[in-house]
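A quick write-up on the structure given underneath.
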Amino acid sequence: MTTLTIGNRLDDKDAAEQSKYNRYNGITSGHRACQGCGEALAARCVVDVAHRVTGGNIAVVNATGCLEVFSCVYPENSWRIPWLHSLFGNAAAVATGVASAFVISGKKDMRVIAQGGDGSTSDIGLGCLSGMFDRNDDVLYVCYDNQAYMNTGVQRSSATPILARTATTLPVRGYMGNAAGTGKNVPQIAMAHEIPYVATASICNIRDLEEKISKAILLKGSRYVHVHVPCPLGWGYPPSETVRIARMAVECGLFPLFEAENGVVVGSTPIDNPKPVEEYLRAQRRFAHLFGKNAPPEIIETIQQIASRNLEKYRLSGEFSHE
Amino acid sequence: MNKPFATVLDSATSLQNKTGSWRNVKPEYVNRLPPCNATCPAGENIQQWLSLVQEEKFLEAWNVIMQNNPFPATMGRACYHTCEKTCNRGKFDGAVNINLLERSIGDLAIINDWQIDAAAAPTGKKILIIGAGPSGLSAAYFLRKYGHEVTIYERHIKPGGMMRYGIPSYRLPRWVVDAEIRRIINCGIKLSCNKHVANIKDEMRNFDAIYIATGAPIPAKIDIETNRKTNILDAIDLFKKIEDHHLANTAALGEMLGKIVLVYGGGNTAIDAARTALRLGAENVKIIYRRTLEKMPAHDSEIQEALQEGIEILCLRCISMIDGNKVLLDKMNYDAENNTLSKNGENEIIIADSVIFAVGQYIDTGPLANVDGLVVTEKGSLEVDKNMMTGTRGIFAGGDVIPGKKTITDAIGHGKKSAQCINAYLQGIEITPNAKTEVANFKKINTSYFKTSDPLKIKKFDAISFEEKNISLPNEKIISESRRCFSCGNCFHCDNCYGFCPDNAIRKSPDGTLTINYDYCKGCGICSNECPCGAIKMVAQLD
């Protein structure tokens, strides 16, 4: 396509599922996500394209979290697909059971998605998830990473970036938000299990997200896709900026887009001119204290180093051809 | 109650939860004015015809151009394309080559003999147009479309005005001018050439309205001391000589001009004269201009082309005396802040076989003399009101004869506007000016969604000749260049709003039409932010 838009009237060959008039809308209107919710958008993209690729043969197991809370408020429900919620930490295990049940009952075409936020994935459900990876169960696990426990009031998770302010990592005298040197990198943890497929994606690039889900949903064994979903409430920016914030995170290298097969990175989306992280940080109130008068001037550099390391680690200068 | 344990409500879809009630701002689809359209003197809807070119709908695109400008092939060559200067893409990776695309579409129309839609039903009103230049012909075309009976009187033997007698054929070939004029005249317009109107007053009895489009054909004179042996002529006279003899006597003209030619002036006519002299065989052509190169009124691309052809431009010089083949120049100081010129006391003598003057043109006040109410301004232009009407009721004027920028595109724009005003006058209706539309400036464009691409650049001249260089672009090139358009301020159906809405509040119908479902729109504004072309506006939700 001549443009990088979701669709284009001149060329619908490469247009995204999200640009099709008859996309499935697996999560329908009326859900109670905040204005400008990145997670609601990402979940629809994932479910719609999976629905298209599998011919409607999908079932979704949801962990507790924003996505579950805003889409399923008794007695209303926003899901237009088979959807199951059990507990905060057991989505991966329940999905394993659902997948086995389909096999046993002869429904071989059914594909299973387990999904949750960063809290259920990297903290509470990591044990179940690791078990699922260990057994190589036939489930696609999608993590919508908004980098904290948002629906309970923005508490830190192990996916919260360093130096970010949350309700539990307040910047007070001597502390600059979430401590440096903490946190987990779940895509890397998934890769360490050497499962068939691991990928990262962002809502700023829906065509790329759809491509990865389309690929992952049809593969056998455990697959993991980690989607970056900015949160206007928890990150402190106007709801209209969600996609822009996501784009800035990708363009500075803080959120690298890559694919890995059997534990090895096989491709990444190159960044033409990596932007400094400062632009991304300044756009969010959770980093405002880094620019206050008490902030040490070299503090931005620690975050810049993470981005620069990513550029090298995932070879974002364009060594992989991913286009 | 026959429900499972602890269940008291019927399960339902969340569609019953109308989240639109959360909203305090709401998105609206708008059509903002693209900067190209905003600056086009002819008022062309450039973005609209480019969008049709993108879809390979060349005939439809041509029809859209013809709604505002009956000379696409001519303008695709002779227009100074202010549109490209303001093109938002210029701030990204280079403006869209609108001029070349217009030329391509205009040429297709001539080659395929596309015709103009039939005029409206006859109104019985008769209008006289004096002067068959760009302005007169444009007015004739639009007035004819309204259904009026139009007569044009032209004093030259051929129609075209400055398109024929002011622009050399290497920039604007005559087959183009002839074809586009013929198409207009064929709509049922009476054209009488070689007819000089000595007195406008006499014509008033025979017509319901008159449009004066006589232009500014009289070359300005500068008082310079000369002697008899000096070879001096005006640029306009030179062009006319070439035109009226169909290039037959170029050898004789070339001999008359000699090998070293000076051109005095800094406008586009000076550049045209210098390049014409080169084509007539001059070996050394210099342009003498009073101010600095930056201050030259000639269009920048024209200056560059002249320099490429080997023409020298001597700035900060005035001609003070011409004695035989010796030309005495005063060197000047220019104060850019106050825009003042002064002699710096130094002199220079250069040798020249002839000197061509291109220092401006005046209107011919002769035919205006006996009409009450016609006012000629101090600067020598005919005064008109905002409805293009002169001081005399029923007499209108436009083009170079009235104050303004004096380009062909402006003249065409005047023709269109005057036609609207004359029509309103004849129907006895008031013209309501269009509401000002907000311009879609560069800030409204989300450039994240565009890939950089080099603009289509084609060298328009490669040989010094009176023949135009043949540029016929393959359709793919025309289409790919048109697809570089940002579509500023107008939806091009990229589906970003539809795809990015977290609440599925934008609906898309099978034909691609997008509508906002305000029942569920929470007013987050992502659609407006991510719209690549600035076609969604967030407005306050007052109820």
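Residue numbers (our numbering), protein chains in the order written: chain X, 1 to 323; chain A, 1 to 543.
Even for Gly, the Cβ is constructed at its ideal location relative to N, Cα and C.
Nearest candidate by alpha-carbon position, reference residue i, set the options
{"i": "Glu259 (chain X)", "options": "X:Ile213, X:Asn294 and X:Asp137", "result": "X:Ile213"}
{"i": "Tyr80 (chain A)", "options": "A:Glu467, A:Asn529, A:Lys451 and A:Ile408", "result": "A:Ile408"}
{"i": "Glu294 (chain A)", "options": "A:Thr276, A:Ile313, A:Ile218 and A:Lys477", "result": "A:Ile313"}
{"i": "Phe492 (chain A)", "options": "A:Thr513, A:Pro474, A:His156 and A:Asp503", "result": "A:Thr513"}
{"i": "Pro34 (chain A)", "options": "A:Leu59, A:Gln54, A:Val285 and A:Cys87", "result": "A:Cys87"}
{"i": "Gly153 (chain X)", "options": "X:Leu233, X:Val172, X:Asn294 and X:Phe133", "result": "X:Leu233"}
{"i": "Glu348 (chain A)", "options": "A:Ile319, A:Asn529, A:Asn206 and A:Asp543", "result": "A:Ile319"}
{"i": "Arg291 (chain A)", "options": "A:Asn186, A:Asn339, A:His156 and A:Asn63", "result": "A:Asn339"}
{"i": "Ile516 (chain A)", "options": "A:Glu530, A:Ile526, A:Tyr498 and A:Ile222", "result": "A:Tyr498"}
{"i": "Gly267 (chain X)", "options": "X:Leu316, X:Cys231 and X:Lys107", "result": "X:Leu316"}
{"i": "Asp113 (chain A)", "options": "A:Thr250, A:Lys241 and A:Asp178", "result": "A:Asp178"}
{"i": "Leu15 (chain A)", "options": "X:Ser202, X:Arg32, X:Trp235 and X:Ala180", "result": "X:Arg32"}
{"i": "Met66 (chain A)", "options": "A:Asp244, A:Ala535, A:Ala42 and A:Ala274", "result": "A:Ala42"}
{"i": "Phe287 (chain X)", "options": "X:Ala192, X:Lys215, X:Ser308 and X:Ala164", "result": "X:Ala164"}
{"i": "Glu243 (chain A)", "options": "A:Gln308, A:Ala119, A:Gly147 and A:Pro173", "result": "A:Pro173"}
CB of residue i within 9 Å of CB of residue j, strictly
{"i": "Ser465 (chain A)", "j": "Arg484 (chain A)", "result": "no"}
{"i": "Arg300 (chain X)", "j": "Leu254 (chain X)", "result": "The sequence shown places Ile at residue 300 (chain X), not Arg. No; because the gap between Cβ atoms is not below 9 Å, this pair is not in contact."}
{"i": "Ser544 (chain A)", "j": "Glu149 (chain A)", "result": "Because chain A in this structure spans residues 1 to 543, residue 544 (chain A) falls outside the shown range and cannot be described."}
{"i": "Ser509 (chain A)", "j": "Ser51 (chain A)", "result": "no"}
{"i": "Ala50 (chain X)", "j": "Ile189 (chain X)", "result": "no"}
{"i": "Lys444 (chain A)", "j": "Cys494 (chain A)", "result": "no"}
{"i": "Ile70 (chain A)", "j": "Ile189 (chain A)", "result": "Per the sequence shown, the amino acid found at residue 70 (chain A) is Pro instead of Ile. For Pro70 (chain A) and Ile189 (chain A), no; Cβs fall outside 9 Å."}
{"i": "Asp543 (chain A)", "j": "Cys524 (chain A)", "result": "no"}
{"i": "Ala95 (chain A)", "j": "Pro455 (chain A)", "result": "yes"}
{"i": "Ala43 (chain X)", "j": "Gly26 (chain X)", "result": "yes"}
{"i": "Ala73 (chain A)", "j": "Ala109 (chain A)", "result": "yes"}
{"i": "Gly161 (chain A)", "j": "Ala213 (chain A)", "result": "yes"}
{"i": "Asp381 (chain A)", "j": "Pro367 (chain A)", "result": "Reading the sequence as shown, one finds Ser at residue 381 (chain A) and not Asp. No, Cβ-Cβ distance for Ser381 (chain A) and Pro367 (chain A) is not below 9 Å."}
{"i": "Leu262 (chain A)", "j": "Val359 (chain A)", "result": "no"}
{"i": "Glu39 (chain X)", "j": "Cys204 (chain X)", "result": "no"}
Residue i: first and last residue of the uninterrupted beta strand (DSSP E) it sits in
{"i": "Met538 (chain A)", "result": "Ile536 to Ala540"}
{"i": "Lys286 (chain A)", "result": "Asn284 to Ile288"}
{"i": "Val61 (chain X)", "result": "Ile58 to Asn62"}
{"i": "Lys108 (chain X)", "result": "Counting along the chain, Lys108 (chain X) falls outside any beta strand (DSSP E), and DSSP gives it neither H nor E."}
{"i": "Pro27 (chain A)", "result": "Val25 to Tyr29"}
{"i": "Phe258 (chain X)", "result": "Phe258 to Glu261"}
{"i": "His148 (chain A)", "result": "First-last for His148 (chain A): undefined, no H or E at that position."}
{"i": "Arg507 (chain A)", "result": "Ile506 to Lys508"}
{"i": "Trp83 (chain X)", "result": "Trp83 to His85"}
{"i": "Ser202 (chain X)", "result": "Tyr197 to Ser202"}
{"i": "Thr544 (chain A)", "result": "The displayed coordinates of chain A run from 1 to 543. Any statement about residue 544 (chain A) would go beyond what the structure contains."}
{"i": "Thr515 (chain A)", "result": "Leu514 to Ile516"}
Span of the alpha helix (DSSP H), counted from its first residue to its last, around residue i
{"i": "Arg164 (chain A)", "result": "Met162 to Tyr165"}
{"i": "Pro274 (chain X)", "result": "Careful: Pro274 (chain X) lies outside any alpha helix (DSSP H) and carries neither H nor E."}
{"i": "Leu101 (chain A)", "result": "Ile98 to Ile111"}
{"i": "Asn25 (chain X)", "result": "First-last for Asn25 (chain X): undefined, no H or E at that position."}
{"i": "Met332 (chain A)", "result": "Element bounds for Met332 (chain A): not the alpha helix (DSSP H) but the beta strand (DSSP E), Lys326 to Asp335."}
{"i": "Ile422 (chain A)", "result": "Ile408 to Gln427"}
{"i": "His51 (chain X)", "result": "Gly38 to Val53"}
{"i": "Cys533 (chain A)", "result": "First-last for Cys533 (chain A): undefined, no H or E at that position."}
{"i": "Thr250 (chain A)", "result": "Thr250 to Leu257"}
{"i": "Asp145 (chain X)", "result": "No alpha helix (DSSP H) holds Asp145 (chain X); the beta strand (DSSP E) holding it covers Leu140 to Asp145."}
{"i": "Arg32 (chain A)", "result": "Taken as a continuous stretch (DSSP letters only), Arg32 (chain A) belongs to no alpha helix (DSSP H), as it is neither H nor E."}
Residues of the stretch 492-524 of chain A with a CB closer than 8 Å to any CB of chain X: list them in chain order, please.
-> Taken in chain order, the members of the stretch 492-524 of chain A whose beta-carbon sits within less than 8 Å of a beta-carbon on chain X are Phe492, His493, Cys494, Asp495, Asn496, Tyr498, Gly499, Phe500, Cys501, Pro502, Asp503, Asn504, Ala505, Lys508, Ser509, Pro510, Gly512, Asn517, Asp519, Tyr520, Lys522, Gly523 and Cys524.
Taking any Cβ of chain X, which residues in the stretch 450-461 of chain A have a Cβ under 7 Å from it, in chain order?
-> Answer set for the stretch 450-461 of chain A: Phe450 and Lys451.
Of the residues that make up the stretch 136-166 of chain X, which ones have a beta carbon closer than 9 Å to any beta carbon in chain A?
-> Against chain A - using a Cβ distance shorter than 9 Å - the stretch 136-166 of chain X contributes no residues.
Cβ-based contacts, 9 Å cut-off: residues of the stretch 415-435 of chain A near chain X = Contact residues of the stretch 415-435 of chain A toward chain X are absent (C-beta to C-beta distance below 9 Å).
Could you tell me which uninterrupted beta strand (DSSP E) segments, each at least 3 residues in length, are contained entirely in the stretch 180-205 of chain A, listed from first to last along the chain?
-> Here the runs fully enclosed are 190-192.
For the stretch 429-459 of chain A, which segments carrying the alpha helix (DSSP H) assignment without a break, of at least 4 residues, lie completely within its bounds, in sequence order?
-> Under the rule that a run must span 4 or more residues, no alpha helix (DSSP H) segment is found entirely inside the stretch 429-459 of chain A.
Taking any Cβ of chain X, which residues in the stretch 4-18 of chain A have a Cβ under 9 Å from it, in chain order?
-> Shown in chain order are the members of the stretch 4-18 of chain A whose Cβ falls below 9 Å from a Cβ of chain X: Thr7, Val8, Leu9, Asp10, Ser11, Ala12, Thr13, Ser14, Leu15, Gln16, Asn17 and Lys18.
Got a sec: which bits of the stretch 39-70 of chain A sit with their beta carbon under 8 Å from any beta carbon on chain X, in order along the chain?
-> The stretch 39-70 of chain A vs chain X, Cβ under 8 Å: Gln54 and Glu55.
The stretch 243-269 of chain X: positions lying closer than 8 Å to chain A by Cβ | The residues in question are Val243, Arg244 and Arg247.
Those runs of the beta strand (DSSP E) which lie wholly inside the stretch 269-314 of chain A and span at least 3 residues = For the stretch 269-314 of chain A, whole beta strand (DSSP E) runs of length 3 or above, ordered along the chain, are 284-288 and 312-314.
Members of the stretch 530-542 of chain A that neighbour chain D once the beta carbon cut-off is set at 7 Å = The displayed structure is made up of protein chains X and A, and chain D is not among them.
Using a Cβ-Cβ cut-off of less than 7 Å, give me the residues of the stretch 88-99 of chain A that come near chain X, in sequence order.
-> Answer set for the stretch 88-99 of chain A: empty.
Which residues, in chain order, does the stretch 475-487 of chain A contribute to contact with chain X at a C-beta distance below 7 Å?
-> Taking 7 Å as the Cβ-Cβ cut-off against chain X, the residues of the stretch 475-487 of chain A that qualify are Arg483.
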